[in-house]
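Report on the following structure.
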Amino acid sequence: MDPFFVKGAQLFLSLSLLIVLHEFGHFIPARLFKIRVEKFFLFFDVKFSLFKKKIGETVYGIGWLPLGGYVKIAGMIDESMDKEAMAQEPKEWEFRSKPAWQRLIVMIGGVTVNIILGFFIYIMIIAYYGNPVVGPEQMPDGIEVSEGFKEYGFRDGDQILAVNGAPYENNLAINRDMMLRDVNTITVAHTDGSEETITIPEDIGTKMFQSGETDALAPLIKPVLDSVVAESAAAKAGLKKGDVLTQINDKSIVSWTDFKARKEEGVTEYAVTYSRDGQLANTTVTLDDDGNFGVYPKANYKSKVVKYSFGESIAKGINHGYWKLHDYVAQFKYVFTKKGASQVGGFGAIAGLFPDTWNWLSFWETTAFISIILAFMNILPIPALDGGHVMFLLYEIITGRKPSDKFLEYAQMIGFFLLIALVLYANGNDIYRWITGS
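Using UniProt numbering, you'd call the opening residue of the sequence shown number 1 and step up by one each time.
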């Protein structure tokens with residue numbers, strides 16, 4: 001099946017699940033406090049809906065505009081409010097007639113469901129699938145170091161032993177951790193057998209982001225061919241699976257990064273030296289119109305899955321969820337830069353989080369992450385978001401004074417247009433990247 005449709009189907013299912021459960025987070029406490037809920041919709045029903053059915057006092061339905069969902073709570077000032085009803089005296093079953101603490105619980109219900117759901121999914125993933133780790137034993141060739149990081153003392157082939165003095169179990173996450181977490185020292189074992197603790201600059205994340213060295217410490221992949229595409233330029237030149245590339249155009253290569261760096265714009269013919277069964281040989285690779293060699297490397301690293309009891313999975317899942325939330329919030333320091341703002345994405349970027357083929361593990365991992373994102377974004381103190389309502393309710397509870405309906409209406413309107421502008425900007429970035437291929 002086309003990857004576009006696979007990603008789209010996963011995005012649709014994930015968002016539908018999260019939106020419905022989020023809205024139930026508002027619906028359930030509203031009904032417990034005897035507040036009338038007039039509508040419960042997945043997606044927005046602007047002008048018309050795809051499906052609707054009234055059960056009791058509530059109309060349940062599916063809209064046609066997939067930008068979210070909503071519950072229409074009687075007597076609440078939001079984008080779905082009935083202005084004529086709001087002009088009348090408050091009824092006992094309306095949101096505005098309830099105590100502030102009840103209204104607060106209704107408003108934080110959706111975010112609460114999203115954060116609990118995200119943590120719950122992570123717990124179940126670890127309990128069922130286990131936790132993959134990539135330590136020195138799983139990455140025997142060590143790391144490949146960018147030129148900038150060699151200045152700090154790292155060397156190609158180093159093994160990462162510890163971070164901030166504690167054993168480190170996921171070498172594939174080291175770049176993320178340096179950019180988003182407090183990494184002060186990294187202890188490595190050099191290929192000569194010596195160990196060294198390297199001090200990391202405080203502003204390392206900013207340096208990595210601005211320089212583009214976001215993969216400064218990557219797995220060292222040697223130039224060993226894992227596969228050669230049939231009828232490709234490499235196949236026609238006689239290269240085979242298992243060959244080790246040693247030189248291209250008289251320039252030595254010791255890693256797959258070196259191999260990619262030797263390709264030059266406009267050059268179609270390459271003198272290649274390779275080793276097969278311990279014997280060196282030479283060949284000439286003439287590129288076809290597609291400009292590709294037609295070879296893939298053999299990655300000499302793999303993860304080890306660690307299994308836990310259900311009790312241990314609860315602790316691990318909560319810890320994993322906490323760090324996912326922490327890292328998401330931490331990356332905003334890069335978003336609020338010119339370079340970071342250009343990388344903001346909308347639905348296309350979210351769909352890109354899902355794999356090209358349907359994989360339940362990836363689906364649930366991504367759904368859990370999106371659930372945590374929705375929780376954080378919704379609790380931001382911006383009018384039109386749950387956090388905006390919470391902000392005004394906390395003001396009312398603390399001061400004993402309720403903001404006027406007119407003030408809340410204008411705040412809601414401003415917040416709504418700000419959100420629309422952000423949605424248009426983010427999805428505009430997606431469209432631009434799709435058109436330009438960037």
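Where a beta carbon is used, it is the ideal one built from N, C-alpha and C, also for glycine.
Quiz item: Between the beta-carbon of D226 and the beta-carbon of P140, is there less than 8 Å?
Solution: The residue given as residue 226 occupies position 226 in the sequence shown. The residue given as residue 140 occupies position 140 in the sequence shown. For D226 and P140, no; Cβs fall outside 8 Å.
Quiz item: Within the chosen definition, does the segment 277–289 reach the segment 315–323 through at least 3 CB pairs nearer than 8 Å?
Solution: no
Quiz item: With contact counted as at least three CB pairs below 8 Å, one residue from each stretch, are the segment 33–52 and the segment 124–136 in contact?
Solution: The segment 33–52, when compared against the segment 124–136, does not touch it at the 8 Å Cβ threshold.
Exercise. Specify whether the segment 99–117 and the segment 368–385 touch according to this definition: at least 3 beta carbon pairs, one from each stretch, less than 8 Å apart.
Key: yes
Quiz item: DSSP beta-bridge partners for Y425?
Solution: Indexing the sequence shown from 1 puts residue 425 at position 425. Per DSSP, none; premise fails for Y425.
Self-check item: Whole-angstrom distance between T246 and A271, CA atom to CA atom
Solution: The sequence position of residue 271 within the sequence shown is 271, counting from 1. The sequence position of residue 246 within the sequence shown is 246, counting from 1. About 11 Å.
Self-check item: Own chain, CB closer than 7 Å to V351, minus 5 neighbours either side, in chain order
Solution: Against the sequence shown, residue 351 aligns to sequence position 351. Here the sequence assigns Ala to residue 351, which means Val is not the residue at that position. Excluding residues within five positions, the ones whose Cβ falls inside 7 Å are K7, G8, L11.
Exercise. Along the alpha helix (DSSP H) that carries Q159, what are the first and last residues, could you check?
Key: By 1-based counting over the sequence shown, the position of residue 159 is 159. That residue, Q159, is in no alpha helix (DSSP H); its beta strand (DSSP E) goes 159–163.
Quiz item: Any idea what DSSP makes of Q412, helix, strand or coil?
Solution: Start at 1 with the first residue of the sequence shown, and residue 412 comes out as number 412. Helix, per DSSP.
Quiz item: Are V46 and K52 close, meaning C-beta to C-beta below 8 Å?
Solution: Position 46 of the sequence shown, counted from the start, is the residue given in the question as residue 46. Position 52 of the sequence shown, counted from the start, is the residue given in the question as residue 52. Against a cut-off of 8 Å, the Cβ pair of K52 and V46 comes out as no contact.
Practice problem: Report all residues from its chain with a CB closer than 8 Å to the CB of T214; omit the five preceding and five following residues, and keep chain order. | Solution: The sequence position of residue 214 within the sequence shown is 214, counting from 1. The residues are N175, M179, M208.
Exercise. Report, in whole angstroms, the separation of the C-beta atoms of I35 and E89, which I expect to be a contact under 8 Å.
Key: Working through the sequence shown from its first residue, we reach residue 35 at position 35. Working through the sequence shown from its first residue, we reach residue 89 at position 89. Between E89 and I35 the Cβ distance is about 16 Å, and since that is not below 8 Å, they are no contact.
Quiz item: For K298, which three-state DSSP category applies?
Solution: As a working note, residue 298 is residue 298 in the sequence shown. Coil.
Exercise. Compute the beta-carbon to beta-carbon distance between G148 and N171, rounded to the nearest angstrom, for a pair I have assumed lies under 8 Å.
Key: As a first step, residue 148 is located in the sequence shown; it is residue number 148 there, counting from the start. As a first step, residue 171 is located in the sequence shown; it is residue number 171 there, counting from the start. Not a contact, Cβ separation roughly 19 Å.
Exercise. Go through its chain and collect everything with a Cβ distance to W364's Cβ below 8 Å, but skip five positions before and after it.
Key: Sequence index remark: in the sequence shown, residue 364 carries index 364 (1-based). For W364, where only same-chain residues beyond five positions count, the Cβ hits under 8 Å are I121, M124, I125.
Quiz item: Can you tell me the Cα-Cα spacing of L393 and R96, whole angstroms?
Solution: Here residue 393 corresponds to residue number 393 of the sequence shown, with the count starting at 1. Here residue 96 corresponds to residue number 96 of the sequence shown, with the count starting at 1. If you take the alpha carbons of L393 and R96, they lie about 11 Å apart.
Self-check item: 4-residue-minimum alpha helix (DSSP H) runs that sit fully inside the segment 296–382, ordered along the chain
Solution: 310–330, 332–335, 338–341, 347–351, 360–379
Quiz item: With a CB to CB cut of under 7 Å and the five nearest residues on each side skipped, what residues in its chain are close to residue 442?
Solution: There is no way to answer for residue 442, as the model of the chain reaches only from 1 to 438.
Exercise. Check the DSSP bridge columns for G61 and list the partner residues they point to.
Key: For the purposes of this step, residue 61 is identified with residue 61 of the sequence shown, where counting begins at 1. G61 is bridged to F41, K52.
Quiz item: For P219, does the count of other Cβ atoms within 10 angstroms reach 16, so buried, or fall short, so exposed?
Solution: As a working note, residue 219 is residue 219 in the sequence shown. Flag for P219 reads buried.
Quiz item: Considering only residues of the same chain and omitting the five flanking positions on each side of D356, which have a CB-CB separation below 8 Å?
Solution: The residue you call residue 356 lines up with position 356 of the sequence shown. Cβ within range, chain order: P3, V6, K7.
Quiz item: In terms of alpha-carbon separation, which member of V37, R103, V20, V133 lies closest to K307?
Solution: As a first step, residue 307 must be located in the sequence shown, where it is residue number 307. Selected option, being the one with the closest Cα: V133.
Quiz item: From residue 505 to Y152, what does the alpha carbon distance come to, in whole angstroms?
Solution: Because the chain in this structure spans residues 1 to 438, residue 505 falls outside the shown range and cannot be described.
Practice problem: Whole angstroms is fine: what's the gap from residue 443's alpha carbon to G428's? | Solution: Coverage of the chain is limited to positions 1 through 438, which leaves residue 443 absent and any answer about it impossible.
Quiz prompt | Host beta strand (DSSP E) of E196 (start-end) | solution = For this step, residue 196 is matched to residue 196 along the sequence shown. Unbroken beta strand (DSSP E) run through E196: 195–199.
Quiz item: Can you tell which of D290, E195, S16, A237 has the C-alpha that lies nearest to the C-alpha of G68?
Solution: Taking the first residue of the sequence shown as position 1, residue 68 is located at position 68. Among D290, E195, S16, A237, the Cα nearest to that of G68 is on S16.
Quiz item: Leaving out the 5 sequence neighbours to the left and right, which residues in its chain are closer than 7 Å to Y154 when beta-carbon positions are compared?
Solution: Within the sequence shown, residue 154 is the residue found at index 154, counting from 1. The question names Tyr, but residue 154 in the sequence shown is Phe. Excluding residues within five positions, the ones whose Cβ falls inside 7 Å are V145, V188, I198, L217.
Quiz item: Would Q159 be called buried (16 or more neighbouring beta carbons within 10 Å of its own) or exposed?
Solution: The count along the sequence shown starts at 1 and reaches residue 159 at position 159. Counting Cβ neighbours within 10 Å, Q159 comes out buried, since at least 16 surround it.
Quiz item: Between which two residues does the beta strand (DSSP E) containing L220 stretch?
Solution: As a first step, residue 220 must be located in the sequence shown, where it is residue number 220. For L220, no beta strand (DSSP E) encloses it, and the DSSP letter there is neither H nor E.
Exercise. Note down the Cα distance separating H389 from A299, rounded to an integer number of angstroms.
Key: Locating residue 389 in the sequence shown gives position 389, counting from the first residue. Locating residue 299 in the sequence shown gives position 299, counting from the first residue. Cα to Cα, the separation comes out at about 51 Å.
Quiz item: For the UniProt domain "PDZ" (205–278), which segments carrying the alpha helix (DSSP H) assignment without a break, of at least 4 residues, lie completely within its bounds, in sequence order?
Solution: 233–236, 256–262
Quiz prompt | Pair within 8 Å by beta-carbon distance, K304 and Q138 | solution = Here residue 304 is taken as the residue at index 304 of the sequence shown, counted from 1. Here residue 138 is taken as the residue at index 138 of the sequence shown, counted from 1. Cβ atoms of K304 and Q138: closer than 8 Å.
Quiz item: By how many angstroms is the C-alpha of P66 removed from the C-alpha of E265?
Solution: Looking up residue 265 in the sequence shown gives position 265. Looking up residue 66 in the sequence shown gives position 66. So the two alpha carbons sit approximately 43 Å from each other.
Self-check item: Per-residue DSSP class, three states only, for E396
Solution: By one-based count along the sequence shown, residue 396 stands at place 396. Of the three classes helix, strand and coil, the one that applies to E396 here is helix, per DSSP.
Quiz prompt | DSSP beta-bridge partners of V145 | solution = If you number the sequence shown from 1, residue 145 lands on position 145. Beta-bridge pairing links V145 to L217.
Exercise. Kindly indicate which three-state DSSP category P140 falls into: helix, strand or coil?
Key: Working through the sequence shown from its first residue, we reach residue 140 at position 140. When secondary structure is reduced to three states using DSSP, P140 falls in the coil class, being assigned neither helix nor strand.
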